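Taken in order, the sequence shown gives residues -24 to -1, 1 to 117; the numbers are from mature numbering (1 follows the signal peptide of the UniProt record, and there is no 0). To keep things clear, I will list the structure first and then write my remarks on it.
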Amino acid sequence: MQVSSFSICCTLMLLSCYTATATAGSDDYICTIERFSQAMGDVGPAYQLLKDEYVGRQFTVDRSSGVTIGALKNAVDSKPKIIDSGSSDNSFKVISAVPASQYYRGTLVTALNVMVFVEGEKKPFSYMINDAVYFGTCVSF
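See below:
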């Protein structure tokens, strides 16, 4: 059986499109919150309420825009800024600031740090939202 070069080109193009599509999503993360801490201490009813509400929940990170959605969000009224895209020796970092509004008395500041350089599938993260810090791990999806 003889295969034309046109057939080979079409097959290669389809395979390259499939590969590009399959790897496009792998730049994004799904993160699981494993721990929570507050600047004023990890005691009291407010701490316990937030801990119970968030530990075990998940959020996603769009690495091309820095937007997080799910349990923790940074794009309500802000434009997240990627300040470091991450590398083999540096974390992926995103910051945002939401101006005071009917929802917030003052500016809401967020900072996400995903340690992409850590070996293995799970990448540790810290996510600061004003005086609260959420910790856990992210995996590519």
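Where is the CB? At the ideal position from N, CA and C, for every residue including glycine. None of these values were measured; they are calculated from a predicted model.
Margin query: Distance check for M91 and N66, CA to CA, integer angstroms please.
Written below: Numbered from its first residue, the sequence shown carries residue 66 at position 90. Numbered from its first residue, the sequence shown carries residue 91 at position 115. Going by the C-alpha atoms only, they are around 7 Å apart.
Next item on the list: Please list, in chain order, all residues of the same chain as K55 whose beta carbon is under 8 Å from its beta carbon, the five residues on each side excluded.
Entry: For this step, residue 55 is matched to residue 79 along the sequence shown. Same-chain partners within the cutoff: S72.
Next item on the list: Below 8 Å CB to CB, which residues in the same chain sit around I59 once its five sequence neighbours on both sides are set aside?
Entry: On the sequence shown, residue 59 is found 83 positions in, with the first residue counted as 1. Here the set comprises K69, V70 and I71.
Check: By Cβ distance, which residues of its chain are closer than 8 Å to T83, with the 5 residues on each side in sequence left out?
Finding: On the sequence shown, residue 83 is found 107 positions in, with the first residue counted as 1. Closer than 8 Å at the Cβ level, and outside the excluded window around T83, lie A73, V74, P75 and A76.
Check: At what residue ranges does the segment 48 to 84 contain a whole run of the beta strand (DSSP E), taking only runs of 3 or more?
Finding: Here the runs fully enclosed are 57 to 63 and 66 to 74.
Notebook entry, point to check: By Cβ distance below 8 Å, which residues in the same chain neighbour D3 in space, the five residues on each side in sequence not counted?
Noted result: Along the sequence shown, one-based indexing puts residue 3 at 27. Around D3: R39, S40 and S116.
Margin query: Per the DSSP calculation, V109 is bridged to which residue(s)?
Written below: To locate residue 109, count along the sequence shown from 1; it is residue 133. Paired residues: S13 and M104.
Checklist line | C114 versus Q24: straight-line alpha-carbon distance, rounded | finding: If you number the sequence shown from 1, residue 114 lands on position 138. If you number the sequence shown from 1, residue 24 lands on position 48. Taking the straight line joining both Cα atoms gives about 23 Å.
Item checked: Straight-line Cα distance separating T36 from I105 -> Your numbering for residue 105 matches position 129 in the sequence shown. Your numbering for residue 36 matches position 60 in the sequence shown. Roughly 16 Å between the two C-alpha positions.
Next item on the list: Use the C-beta contact count for I9: other C-beta atoms within 10 angstroms, 16 or more gives buried, fewer gives exposed.
Entry: Looking up residue 9 in the sequence shown gives position 33. Only buried fits I9, as 16 or more other CB atoms lie within 10 angstroms of its CB.
Check: From A15 to D107, what distance separates their C-alpha atoms?
Finding: Here residue 15 refers to the residue found at position 39 of the sequence shown. Here residue 107 refers to the residue found at position 131 of the sequence shown. Per the coordinates, the alpha-carbon of A15 lies some 5 Å from the alpha-carbon of D107.
Check: Would you say Y30 and A51 are within 8 Å of each other, going by their C-beta atoms?
Finding: As a working note, residue 30 is residue 54 in the sequence shown. As a working note, residue 51 is residue 75 in the sequence shown. Taking 8 Å as the Cβ cut-off, Y30 and A51 do not qualify as a contacting pair.
Notebook entry, point to check: DSSP puts A87 in a beta bridge; with which residues?
Noted result: Counted from its first residue, the sequence shown places residue 87 at position 111. I71 and M104, per the DSSP bridge assignment.
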